[in-house]
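**Student:** Just so it is clear: in the sequence shown, position 140 is 146 by my numbering, and no numbers are missing.
Idealized CB from N, CA, C, for every residue including glycine.
Encoded as structure tokens, here's the structure I'll be asking about.
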Amino acid sequence: MGSGTVHPGSDLSFLGRSSELAALRRAAAATRTGKPDVVFVSGVAGIGKTSLLNRAREELEGHGGTVLFATGGSSDETLRELFAPLGLTAPEEARRPLLSGAARGAAPTLLPGSEAAPAEGVSYSILHGWYRLALNLLAQGPLTLMLDDAHRCDPLVLRWVDFLLRRADDHALLVVLADEPDAAGPGRELLATITGHTAGTMIELTPLSDAEVGDSAAAALGAGPEAAFVQICSKLSGGNPLSLHTLLKALREQGVRPDEPGARQAAEIGERVLRDSIRARLARLPESALKVAAGIVLLDTAEPRMVAALLELPAPAVVAAIDVLRRHRLLPSVGSGIVREQAQKALLGQLPRGELDALRLRGALLLHDNGRPPEKVARLLAELPELSEPWMYNTLREAAADARRRDDPEAATRFLNRYLRAVPGHQETLVELATILEEIDPETAFFNFFQAIRRTDDLRARVPLVIRLSLLSLRVGRSVLAFRLLADVLEALGANAGVVPDAASDLRLQVRTLLLAVGMHSQRTAREALRRARTIEARSNGTPSERMLLSLLGSTAVLDGGHWEQAAKLARAALSGTLVVHAGPLIIAAQTLNYAGLPAEALAALDPIVEGIEGPDARWTLCHALAVRSWVAAGMGRPVEAADIETAMRMARHEDWALPRIMFASHLVNRGEPARAEALLDEIRQPNFAWEYPQMLMVRAWARLQLDDFGGALSILQQCGHSLAEAGINCAVPASWWFEATALLTGLDRRSEALALIDAQEEAIVRWGTPEVVGLGLAARGVATGGRAGLELMAEGVERLAASPARHSQLRAELVVGHALVLAGNDVEARKYLRRATDLAARCGCQGVGALAKKWLVAAGGRTRKPGGGPFDLFTAAEWRVIEQAVAGATNREIAAALFVTLRTVETHLSNVYRKVGVSSRAEMIAAVSELSEAKEGIGPGAAPTVSAETFEGEGELGHGGQQ
């Protein structure tokens, strides 16, 4: 039997209460086995108790039995609402079978005009009559009694519920009692009694989580919402199901999509919808209650004495108005604030501006005179058009300091901004505000630092501010301005050495270091930064400032086209000693070692950074160190380091960091995912010009190559070379863009341009002088030269690369040379290079490059084969580093010192290697590793193909001893 009209409720999957509904379903199912149960649903006003009960009511009515529902109130109102669906409230119905026997005692209380006796005077016959009526209903099937706002029920009704529960053994009875836990009411004491002696199910309704809001949005809008959209909906609704329902309904009607653009629309529409909803509720309040509510919002307290003093009203009138606000659920039963932000805005918005300002001023004075916390006072001061007394300025500064101590930067920013409106250009406040905003709004922080610097005449105070601004400039893309300020400060320090005698030397070091770092960040200042780097004398006394400068000097030596030994010497000096607080320069030094053809040293330098870094920038440092370590290892052909770049990319996902994205995009290209790599590169907004921009273009060009867009790849590579030349950077590394560009020009039948390009790069290639760069240069010249002479140069270049640790560059050369030979019609030689490229790509984990090699190998008439595995592929990155040291003749103790690990760690790695290759001594291990290396055809020293007249003249490959 149903309870009559069903109050419409939203789908619980839409409102996010599916788990609570499931708990009610389970309780109902259990009672159908003859085990009575009671469910207590608890939650603050508006949290969705009624909606939950209405939906459960709908479901239970559909499964048979009787479901009775009522809202707490007087006993006669509650009982008649509860039993009205049974048709027992008319006089002629008193003879129905349900009221037969002892149940007839309940009949008088159900008739219109009758009043139930007060709880303390109720007769046992009436309680027993209601009890027998319930038993008569249970005889027909399961019975569910639902009481919403049970704390407001007359005690008589709850006495009957308690009476029934104590005597309902073996009956299919479910009682659902919903209440507000902190709300007072006549039934509160009896409700506590029932809760205390009944082992029922407790359901506590809390604000919807972000996940539940997301589920609701998906159900309402028909698509999975993005995180930004969910956050807006959660913020606007406060996790309140009813507010969320109203909001999502409006968004659905407006056709808003749950994506990032939709989040912006939701913010605009949602504010309006919820504001209108609140206004409709406020319109039902008397004017006196509205005035008191506005006073509560202004003072952020519902203390009648304070509100009465602010509004100049009698205290009893304020108390009465507060009771009205609580009955309308605008003010919680406990606590002192208006419950919804939209209600606060609406209440203040109804006041004329002049009246509102007057109340704010009066409220600020009242709170200040009563010794309330500065933040309470500052909330009102921040909104005043004028600050008329000195104490107001001090209060704003004190409130900002308190807000910072409790980690509320938004409040601190609001108070300090108001102070600056009153006292424009106040240097100390500008610096304090910039400090707060460095993490949450770096652009504004930069502007405030700049304003503070303009107002600081004292050189000793100005230098630290310029340093802080310069560090911030690298994040906000304003390095040109920072470079000029640093140059000015450096000149001033030189001219006024006596002004800061104790710290001048270290300050100059810091400024010089930052001048180089900031200068290389922009194409407009790179040339001047390199010029200044040439004038700096490198010294090393082991101080953190000196080591940072040495790392930057090493990097500029790379970019300025010096010799690799000079750059490596500077990088090694920078890396000597213990870690400094900020390890960013040490990562740069490790990169320099890698460019100098010393990747093993680079990895040894990065390992302690990854394992031991601490301090405020630890997350940035770890992310970048992992990214660079994976990139160095990939260059050596060690795919086992892929986990590093995966971790780094996860750390950088929600940060505006370019380097991890570039390294991960390179990883994606190697894996054969060029489109995904390009999408990731598109996220980068402000790469470091000298170190990140060329690498980004190189990765993008390789992605274009994998997509068979040779023209696009060439255009990108030429853009790279042109931008470097404009900045005065003439070096063979870090971006050897000229290698692929030479091959592409040759392939497009622009051989003269290819030769001119490699001629222009030759001086920088020879001057840098690493086997990797020289090998790439020889291979590029061979491709551009063509003919027999070109083939000899290509072979020599690949041989140089095979003798170096640069496996990835060898792979590039094998592939590019092979493709060039295919285009030249020399399929015989092309197949040798492309087979070697295929095997090398498999070893390096470069499936994307391997796919290109296989495609071009087939075009050259060759067959692909599946690369073999073996013990060679089982060594970890750490084991490889130990192997290399051991092969070079180092003792275990020397290996430990070189790799910055313990002796025990070295012994463990060697034991693992012995086990993997099945040997028991160092000599056997070295021999086994050498055999495995030689077994990898075309990989490593001595692997380059030989040049023969027969093959050049086009003799068949089988006749030359090759194997088809």
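Measure the C-alpha to C-alpha separation of Ala256 and Ala233 and round it to an integer number of angstroms.
**Tutor:** About 19 Å.
**Student:** Which parts of the stretch 610-661 are runs of the alpha helix (DSSP H), unbroken and 4 residues or longer, counting only runs that do not cross its ends?
**Tutor:** Here the runs fully enclosed are 624-641 and 648-658.
**Student:** With contact counted as at least three CB pairs below 8 Å, one residue from each stretch, are the stretch 217-224 and the stretch 182-195 in contact?
**Tutor:** no
**Student:** Just the C-alpha distance for Glu698 and Arg427, rounded to the nearest angstrom, thanks.
**Tutor:** 40 Å
**Student:** Who does Val45 pair with in a DSSP beta bridge?
**Tutor:** Val182 and Thr207
**Student:** Does the Cβ-Cβ distance between Ser528 and Phe670 come in under 8 Å?
**Tutor:** Not closer than 8 Å, so no.
**Student:** With which residues is Phe745 paired in a DSSP beta bridge?
**Tutor:** Under DSSP, Phe745 forms no beta bridge with any residue.
**Student:** Which residue or residues does DSSP assign as beta-bridge partners of Leu149?
**Tutor:** According to the DSSP secondary-structure assignment, Leu149 is paired through a beta bridge with Thr72 and Leu179.
**Student:** For Gly874, count neighbouring Cβ atoms within 10 angstroms of its own Cβ and tell me buried if that reaches 16, exposed if not.
**Tutor:** In this predicted model, Gly874 has a pLDDT of only 45, less than 50, meaning its place in the structure is not dependable; the value taken from the coordinates is given anyway. Exposed, because fewer than 16 other Cβ atoms sit within 10 Å of the Cβ of Gly874.
**Student:** Can you confirm whether the stretch 194-206 touches the stretch 147-162 when touching is taken to mean that 3 or more C-beta pairs between the two stretches lie within less than 8 Å?
**Tutor:** yes
**Student:** Kindly list the residues whose CB is nearer than 7 Å to the CB of Leu492, restricted to its own chain and excluding five residues on each side of it in sequence; keep chain order.
**Tutor:** Val472, Ser476, Val517, Leu520, Leu521 and Val524
**Student:** Can you list, in chain order, the residues of its chain with a C-beta nearer than 6 Å to that of Ala664? Leave out the 5 residues immediately preceding and following it.
**Tutor:** Ile690, Pro693 and Glu698
**Student:** Below 8 Å on the Cβ atoms is my guess for Phe421 versus Ala409; work out the distance and round it to an integer in Å.
**Tutor:** 7 Å
**Student:** Under the criterion of a Cβ to heavy atom distance below 7 Å, does Arg138 qualify as lining the ligand GTP?
**Tutor:** With respect to the ligand GTP, the structure offers nothing, as it holds no ligand at all.
**Student:** Is the beta carbon of Val45 closer than 8 Å to that of Ala33?
**Tutor:** yes
**Student:** Just verifying my parser: in three-state terms, what is the DSSP assignment at Asp155?
**Tutor:** coil
**Student:** How many Å lie between Arg378 and Pro247 at the Cα?
**Tutor:** Approximately 35 Å between the Cα atoms of the pair.
**Student:** May I have the straight-line CA-CA distance separating Ser24 from Glu65, to the nearest angstrom?
**Tutor:** 13 Å
**Student:** Per DSSP, Thr77 is paired with what?
**Tutor:** Looking at the DSSP output, Thr77 sits in a beta bridge with Asp154.
**Student:** Whole-angstrom Cβ separation of Ala539 and Ala733, contact assumed at under 8 Å?
**Tutor:** Not quite, the Cβ-Cβ distance comes to about 13 Å (not below 8 Å), so this is no contact.
**Student:** Taking all protein chains shown into account, decide if Thr897 is buried (16 or more other Cβ within 10 angstroms of its Cβ) or exposed.
**Tutor:** exposed
**Student:** Under 8 Å by Cβ, that's how I've got Gly71 and Gly147 pegged, so tell me the actual separation to the nearest angstrom.
**Tutor:** 4 Å
**Student:** So Ala894 is in the alpha helix (DSSP H); what residue range does that whole segment cover?
**Tutor:** That residue, Ala894, is in no alpha helix (DSSP H); it is neither H nor E in DSSP.
**Student:** I'd like to know if the stretch 715-725 and the stretch 779-798 are in contact, where contact means that at least 3 CB-CB pairs between them fall below 8 Å.
**Tutor:** no
**Student:** Does DSSP put Thr531 in a helix, in a strand, or in coil?
**Tutor:** helix
**Student:** Mind the definition here: the stretch 841-854 touches the stretch 807-823 only if three or more C-beta pairs lie below 8 Å; say whether that holds.
**Tutor:** yes
**Student:** To the nearest angstrom, how far is the alpha carbon of Asp512 from that of Arg481?
**Tutor:** The straight-line gap from Cα to Cα measures roughly 24 Å.
**Student:** For Trp708, which option in Pro605, Leu858 and Asp833 has the closest C-alpha, if you only look at C-alpha atoms?
**Tutor:** Leu858
**Student:** Among the residues of its own chain, which have a CB less than 8 Å from the CB of Ile53, if the five just before and after it don't count?
**Tutor:** Leu211, Thr212, Pro213, Asn246 and Pro247
**Student:** Flag this pair as yes or no: are the beta carbons of Ala826 and Ala866 separated by less than 8 Å?
**Tutor:** Going by C-beta atoms, Ala826 is not nearer than 8 Å to Ala866.
**Student:** Might you give, ordered along the chain, the residues of its own chain that have their beta carbon closer than 7 Å to the beta carbon of Ala596, omitting 5 neighbours on each side?
**Tutor:** Ala608, Ala611, Leu612 and Val634
**Student:** Since Ala300 and Leu354 should fall inside the 8 Å C-beta cutoff, what is the C-beta to C-beta distance between them, to a whole number of angstroms?
**Tutor:** Contact annotation, Ala300 with Leu354: C-beta distance approximately 6 Å; criterion of less than 8 Å satisfied.
**Student:** Report yes if the CB atom of Arg682 is closer than 8 Å to the CB atom of Leu674, and no otherwise.
**Tutor:** yes
**Student:** For a test of the three-state rule: what should DSSP assign to Asp463, helix, strand or coil?
**Tutor:** coil
**Student:** If you follow the alpha helix (DSSP H) that Glu802 is part of, which residue opens it and which one closes it?
**Tutor:** Gly793 to Ala809 is the extent of the alpha helix (DSSP H) around Glu802.
**Student:** Ignore the nearest five residues each way along the sequence and tell me which others in Val3's own chain have a CB closer than 8 Å to its CB.
**Tutor:** Residue numbering for the chain in the displayed model covers 7 to 970; residue 3 lies beyond these limits and cannot be assessed.
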